[in-house]
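S.K.: Under this note's numbering, think of the first position of the sequence shown as -13, with each following residue one higher.
My questions all concern the structure below.
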Amino acid sequence: MFTWDNKKFENPKDFTNQLKEMGFKVVTIIDPGVKVDKGYKVYDEGIKNGYFATDKDGIVYKNVVWPGDSVFPDFMNSNVRKWWANNQKIMIDAGVAGIWNDMNEPASFNGPLPDDIIFDNDGTIVTHKEIHNVYGHMMDKATYDGIKEFTGKRPFVVTRACYAGTQKYATVWTGDNQSTWEHLRMSLPMLMNLGLSGMAFCGTDVGGFGHDCTAELLSRWVQVGAFTPLFRNHSTIGSREQEPWAFGNETEEINRKYIKLRYKFLPYLYDMMHKCEENGAPIIRPLLYDYQNDKKTYEINDEFLFGDNILVSPVVEQGSRQKLVYLPEGNNWIDYWTGTEFEGGQYIIKEAPLDICPIYIKAMSIIPTSKDVNYIGEKDNECLNLNIYLSNKKGIGNYNNFLDDGESFDYKEGKFNKYEFNFELGEALNIEMKEKIGYEKVYKEIEIIVHNFDCSKKVFFNGNEVELIDNKLKIKL
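Okay, here's the thing in structure tokens:
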């Protein structure tokens, strides 16, 4: 760890820069097990300073992990965490954008660490039995602190092991799953439970980690992944390839469709992330979270809410081309694909060929979307597309859009823009916008797209009558 293979990566910085120019950000995997190897800088420093966990007799504990014989940093010790944080500079200087902490339970091949392994909790001796659950958490903290110190930006850390509070430092995925329909189905309640437990930034290995994926399974899993906070395809060495293009043109087009949909919804996801940071509301959540008075939602675990305004009911059964969808009581719901409006509080059957994942938008809500992009930063964020989904009933709706630089902590100092939208549908459609500007970059234009609009109604924007052209209104700012 914290080293590069000079034969494979002669100049890591040039390599990461080339990828960056193409829109890729490099995330490297790091395990806590440090290879036992005299002359290896990380091992030598740890031995010299007493930074590794020991047995009850004070002998440095060894077990076998991927490098072979390995020792384990004592992350309970603040000096060890600082040392680990400082080592992140090696990766940052090479252009690495994020760190993936794996095997950090910690896992080992010759059985788990014994309960009596000793750690130094800053002067208080504790055993592995006492601190096992927080080991990965403290590793994540050290990683986060190092990236923050050397970049000044919000760190991106992925972790396999976590504990209460890890959401401050890392995103988590559900571990080494299998390429089976059962594991696809299982992933939905797992992710919803993570959200309810405070780990809102979560995801799964899309397509499954172990065994061989199939074209149908991959497409259905991509349709789920597009609406999870962490969207990552990952598989083990030796399994068949499962990249989005690995199963032929038809599957590739379906996967492309949902990857593009993911990018389209990123402004909405970012707003939900900001809201989560303010009040802890999960991004992917069970229906019962928002509809506690509807008892039919209590046992539904094969559909979920994506933020406040989107309901996703993915197909998770092999060969199925229909989905029984429950729409919660208390709102009307609009089929994203057809625009058809449905009353809440009922089951419907949605035709779902392989390229269709049932998606419903809460009526009288707003969804911000982006232009077609291949990666974040490809195009200037100068125009906000604001989709207003009207109902066939009178009512009101509102939405707050948050804009900042997306990287730094400057938003904590007030350097952000907040755009507050309110609308009322009655005899006319009245739309209002308020701005709070604290960030130097602002939208130059807002394009409002009104769905399910009755063309006979007048439209007012901030009190002035305006005309919709093809149900669209462009506002110059």
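For every residue, glycine included, the Cβ atom is placed at its ideal position computed from N, Cα and C.
1. Taking the Cβ atom as the reference point for each residue, do Val208 and Tyr244 lie within a distance shorter than 9 Å?
2. Using CA coordinates, which residue listed in Thr2, Phe10, Pro(-2) is at the minimum distance from Tyr361?
3. Which residue comes first and which comes last in the beta strand (DSSP E) that contains Pro230?
4. With H, G and I counted as helix, E and B as strand and the rest as coil, what does DSSP make of Pro(-2)?
5. Span of the alpha helix (DSSP H) holding Gln74?
6. Got a sec, what are the start and stop residues for the alpha helix (DSSP H) Gln308 sits in?
7. Please report the straight-line C-alpha distance between Phe95 and Pro53, rounded to a whole angstrom.
8. My output table needs one value for Thr(-11): the three-state DSSP class, helix, strand or coil.
9. Would you mind working out which of Ile374, Gly84, Gly161 sits nearest Tyr130, comparing C-alpha positions?
10. Specify, as a first and last residue, the run of the alpha helix (DSSP H) that Met125 falls within.
11. For the candidate residues Glu413, Pro344, Tyr425, Glu431, whose alpha-carbon lies nearest to that of Ser442?
12. With Phe(-12) and Pro18 assumed to form a contact (beta carbons below 8 Å), what rounded beta-carbon distance in angstroms separates them?
13. Identify whether Ser351 lies in helix, strand or coil by the three-state DSSP scheme.
14. Who are the near neighbours of Val66 in its chain, counting only those whose CB is closer than 7 Å to its CB and skipping five residues on each side?
15. Look at Lys250 and Gly293 and say whether their C-beta atoms are less than 9 Å apart.
16. Give the list of continuous alpha helix (DSSP H) stretches no shorter than 4 residues that lie fully inside the segment 162 to 239.
17. Is Ile103 near Thr40, with beta carbons less than 9 Å apart?
18. Indicate whether Glu202 and Gly305 have their beta-carbon atoms separated by less than 9 Å.
19. State the CB to CB distance for the pair Phe136 and Ile78, rounded to an integer number of angstroms; the pair is presumed to be in contact (CB under 8 Å).
20. How many Å lie between Ile286 and Leu313 at the Cα?
21. Rounding to the nearest angstrom, what Cα-Cα distance links Lys398 and Glu7 in this structure?
22. Please classify Val472 as buried or exposed, where buried requires at least 16 other C-beta atoms within 10 Å of its C-beta.
23. Would you mind working out which of Val144, Ile334, Gly330, Asp358 sits nearest Ala349, comparing C-alpha positions?
24. Using 8 Å as the threshold, is the segment 315 to 330 in touch with the segment 341 to 348, meaning 3 or more CB pairs across them?
25. By DSSP's criteria, Leu297 is part of a beta bridge. Which residues make up the other side?
26. So, is Asn450 buried or exposed, given that buried needs 16 or more other C-beta atoms within 10 angstroms?
27. Can the beta-carbon of Leu484 be found closer than 9 Å to that of Leu297?
28. Which partner residues does Lys460 have in the DSSP bridge list?
29. Roughly how many angstroms lie between the CA atoms of Val50 and Asp88, to the nearest whole one?
30. Measure the C-alpha to C-alpha separation of Gly44 and Gly132 and round it to an integer number of angstroms.
31. Among Trp86, Pro230, Met124, whose alpha-carbon lies nearest the alpha-carbon of Trp161?
32. Ordered along the chain, which non-local residues of its own chain (more than five positions away) have a Cβ less than 6 Å from that of Ala267?
33. Look up Gly54 in the DSSP assignment and say whether it is helix, strand or coil.
M.R.: In this structure, then:
1. Yes, the pair counts as a contact, with Cβ atoms nearer than the cut-off.
2. Closest option to Tyr361, Cα to Cα, is Phe10.
3. Neither: Pro230 is in no beta strand (DSSP E) and is coded neither H nor E.
4. Pro(-2): helix per DSSP, three-state reduction.
5. 64 to 79 is the extent of the alpha helix (DSSP H) around Gln74.
6. No alpha helix (DSSP H) holds Gln308; the beta strand (DSSP E) holding it covers 308 to 313.
7. Roughly 11 Å separates the two Cα atoms.
8. Residue state for Thr(-11) is assigned as coil, using DSSP reduced to three classes.
9. In terms of Cα proximity to Tyr130, the closest of Ile374, Gly84, Gly161 is Gly84.
10. From DSSP, the alpha helix (DSSP H) with Met125 extends over 121 to 137.
11. Closest by alpha carbon: Glu413.
12. Actually they do not touch by this definition, with Cβ atoms about 12 Å apart.
13. In the structure shown, Ser351 sits in a strand (DSSP, three-state: E or B).
14. Within the same chain, and ignoring the five residues on either side of Val66 in sequence, the residues whose Cβ sits closer than 7 Å to its Cβ are Tyr37, Pro59, Asp60.
15. In this structure, Lys250 lies away from Gly293, with their beta-carbon atoms at least 9 Å apart.
16. Every alpha helix (DSSP H) of 4 residues or more that sits fully in the segment 162 to 239 is shown, in chain order, as 167 to 182, 201 to 211.
17. Remark: C-beta atoms of Ile103 and Thr40 approach each other more closely than 9 Å.
18. In this structure, Glu202 lies near Gly305, with their beta-carbon atoms less than 9 Å apart.
19. About 5 Å; that satisfies the 8 Å criterion.
20. Their backbone Cα atoms lie some 11 Å apart in a straight line.
21. Lys398 and Glu7 have their C-alpha atoms some 29 Å from each other.
22. In the structure as shown, the chain starts at -13 and stops at 463, and residue 472 therefore has no counterpart that could be examined.
23. Checked all of Val144, Ile334, Gly330, Asp358; the closest Cα to Ala349 is Gly330.
24. Here the segment 315 to 330 lies against the segment 341 to 348, with 3 or more beta-carbon pairs under 8 Å apart.
25. Listed as beta-bridge partners of Leu297 by DSSP are Leu291, Tyr346.
26. Counting the other CB atoms within 10 Å of its CB gives Asn450 a total below 16, which places it among the exposed residues.
27. As shown, the chain starts at -13 and ends at 463. That puts residue 484 outside it, with no answer to give.
28. Paired residues: Glu433.
29. Approximately 15 Å between the Cα atoms of the pair.
30. Going by the C-alpha atoms only, they are around 29 Å apart.
31. For the sequence presented, residue 161 should be read as Gly rather than Trp. Ranking Trp86, Pro230, Met124 by Cα distance to Gly161 puts Trp86 first.
32. Excluding positions up to five away in sequence, the list reads Lys261.
33. Gly54: strand per DSSP, three-state reduction.
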